[in-house]
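Q:
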Amino acid sequence: MVAGARRGWVKIMANVSPGADPVERVVELHLPSRLGYEKVAMDAAASVARRMGFSADRVEALRTALAEAVTNAIEHGNAHNADTRVLVILTVRPSELVVSVADQGFKPIDKAKIAPTPNIEDSFSRADKGGWGIWLIRELMDEVEFTTAPTGGNQVRMVIHLEKQP
Amino acid sequence: MHKVSAPLSIELSIPSEFGYERVVREAVASFARRIGFASERVEDLKTAVSEACLNAIEHGNAQMPEMRVDVNCVWENDVLMVRVLDHGLKRYTGHVAPCITSRVHGEAPPRGMGLYLIAQLVDTCGFESSPEGGNVLYMSMHPRRMA
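Protein chains in written order, with the numbering used here: chain Y, 64 to 229; chain G, 1289 to 1435.
Dropping the structure here:
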C-alpha cells in the first residue's frame, strides 16, 4: 500500500509542468473508475470555483457538467474497469477555470455523440433515455473541446469564464 | 464466492498556497462520505486534513506557491489512510508540547497546536520517511469512533 501511494505521488508531481504560467494554479485529482466517486471531483471543483468567486448557480452548472464528464469517463472511456483511473485537472486562471477530464481510452469516444444536439426520438428508444451528457456539458460550460489526452485516453476540456459583477 | 475488492483510493495535488487546503478538505470529506463514514467522523477528518495541509504549506514548503502538496487517500481493510506529503524544506517531525495554559495566558503563540489537534481527531497519526526527502504525515481513521 505504501509503495503504491508513493508511485501515485511521483505520477502526480510529474504531470505538473515546471514552466507553467505563474498566474496559473493547478489542482490534480485522480479518481477510481467507480460510479459515485464523481462526487469527489464535483466537491473539489466546487471548492475551487467558490474560491475564485463564481456565483452559486455557476458552481452548480460546473458540478453538473463535471458529473457528466466523469461518469462518461468511468462508463465509456474506462469501460467500468476497476484498475483504471480518471484524471481531473483544474487550472485556475485570473479570468477562467479550465477543467479537463481524462480517461484511459479503453473505448474511443464516438464522434457522432459529440454532435451539437442528440435526437430525442433516438433517446426515447434507449432503455436508459441517455445520450444527453455531452449536449448538457455544452449547454452549461462556456467552451468545450474533445481531444486525446497525453496518455492516449479521451479528454474533455471545459472552460467556465469568470464574469465579474458590475 | 466472496470477491476481494481492490483498495479504493484518490490522489490529489494542490499548489502550496493558503486556501487550497479547502479543496483537499472537500475532496477527502466527499471520499469519506462515499465510503460510509459517520458525519461527525467526516467533520473530524476535515479538520485534521486542513491542519495537515496548512502545516505542509506553511512549514514543509515554506510558503513557496510554486511547490506542491500531495495528498493520497486509501480505503483498505476498513481503515482510511490519508497521507500528506510536502517538499520538506523545513522538518517538523518532532512533537509539539500542548502547553495550552501558557497559550491561553498569552505567554506562548496561539498557533502550533496543529499536530496535537490532529492526534486528538484521528485514530493514529505520525511521520514516515520519504524517499524524496519531504515530510510525510499519515493519519488513519475508522468509519466509526472506537468504543
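Here a beta-carbon is modelled for each residue, glycine too, at the ideal position from N, C-alpha and C.
Would DSSP call Trp195 of chain Y helix, strand or coil?
A: Trp195 of chain Y: coil per DSSP, three-state reduction.
Q: Hey, Gly1402 of chain G and Leu1377 of chain G: beta-carbon distance below 8 Å or not?
A: Cβ distance not < 8 Å, so Gly1402 of chain G and Leu1377 of chain G don't count as in contact.
Q: Just to confirm before moving on: does the CB-CB distance between Ser1428 of chain G and Val1367 of chain G stay below 8 Å?
A: Cβ atoms of Ser1428 of chain G and Val1367 of chain G: closer than 8 Å.
Q: For Thr1412 of chain G, count the other beta carbons within 10 Å of its own beta carbon; 16 or more makes it buried, fewer makes it exposed. Which is it?
A: Label assigned to Thr1412 of chain G: exposed.
Q: Could you check if Pro1295 of chain G belongs to the surroundings of the ligand SAH, using beta carbon to heavy atom distance under 7 Å?
A: Among the ligands in the structure shown, none appear at all, so the ligand SAH cannot be discussed.
Q: Verify whether the separation of the beta carbon atoms of Ile1302 of chain G and Val1312 of chain G is less than 8 Å.
A: In this structure, Val1312 of chain G lies closer than 8 Å to Ile1302 of chain G by Cβ.
Q: Among G:Cys1361, G:Glu1299, G:Phe1415, whose alpha-carbon lies nearest the alpha-carbon of Arg1379 of chain G?
A: Comparing Cα positions, the closest option is G:Phe1415.
Q: Tell me whether Ser1327 of chain G is buried or exposed, calling it buried when 16 or more other Cβ atoms sit within 10 Å of its Cβ.
A: Ser1327 of chain G is exposed by the Cβ-count criterion.
Q: Closer than 9 Å between beta carbons: that is the criterion. Which residues of the stretch 1312-1327 of chain G meet it against chain Y?
A: Within the stretch 1312-1327 of chain G, the qualifying residues are Val1312, Arg1313, Glu1314, Ala1315, Val1316, Ala1317, Ser1318, Phe1319, Arg1321, Arg1322.
Q: Given that Gly1307 of chain G touches chain Y, what residues does it touch there, using C-beta distances under 8 Å?
A: Result: Arg114.
Q: Taking C-beta to C-beta, are Leu1425 of chain G and Val1372 of chain G nearer than 8 Å?
A: Yes, these two residues count as a Cβ contact at 8 Å.
Q: Can you name the residues of chain G whose CB is closer than 8 Å to the CB of Leu94 of chain Y?
A: Correct list: Ile1298.
Q: Report the residue from G:Met1369, G:Met1352, G:Ala1340, G:Thr1335 whose alpha carbon sits nearest the alpha carbon of Pro1295 of chain G.
A: Closest option to Pro1295 of chain G, Cα to Cα, is G:Met1369.
Q: In its own chain, which residues sit with a C-beta less than 6 Å from the C-beta of Thr147 of chain Y, not counting the 5 before and 5 after it?
A: So the qualifying residues of the chain are Ser96, Asn141, Gln167.
Q: Which residues bound the beta strand (DSSP E) around Met221 of chain Y?
A: Note, Met221 of chain Y: beta strand (DSSP E), 217-224.
Q: Closer than 8 Å by C-beta to Thr127 of chain Y: which residues in its own chain qualify, once you throw out the five before and the five after it? Chain order, please.
A: Only Leu199, Leu203 meet the Cβ criterion.
Q: When the cut-off is 8 Å and only beta carbons count, does Asn1349 of chain G lie next to chain Y?
A: Closer than 8 Å: no.
Q: Can you tell me whether Leu94 of chain Y is helix, strand or coil according to DSSP?
A: DSSP places Leu94 of chain Y in strand when its eight states are reduced to three.
Q: So, under 8 Å CB-CB, Tyr1308 of chain G and Val90 of chain Y are touching, yes? Tell me the CB distance rounded to an integer number of Å.
A: At roughly 7 Å, the Cβ-Cβ gap stays under 8 Å, so Tyr1308 of chain G and Val90 of chain Y are in contact.
Q: With DSSP run on the structure shown, which of helix, strand or coil describes Asp1411 of chain G?
A: Note: Asp1411 of chain G maps to coil in three-state DSSP.
Q: Determine the direct distance from the alpha carbon of Val1316 of chain G to that of Arg1329 of chain G, and round the result to whole angstroms.
A: Going by the C-alpha atoms only, they are around 12 Å apart.
Q: In chain order, what residues of the same chain have a beta carbon less than 6 Å from the beta carbon of Val1359 of chain G, not counting five sequence neighbours either side?
A: Correct list, in chain order: Leu1300, Val1312, Val1372.
Q: May I ask you to verify whether the stretch 129-137 of chain Y touches the stretch 1340-1354 of chain G, counting CB pairs closer than 8 Å and requiring at least 3?
A: In short, these stretches do not touch, since the Cβ pair count stays below three.
Q: Name the chain G residues that come within less than 9 Å of Arg88 of chain Y, Cβ to Cβ?
A: Going along chain G in sequence order, the residues near Arg88 of chain Y (Cβ under 9 Å) are Ile1302, Pro1303, Glu1305, Tyr1308, Pro1353.
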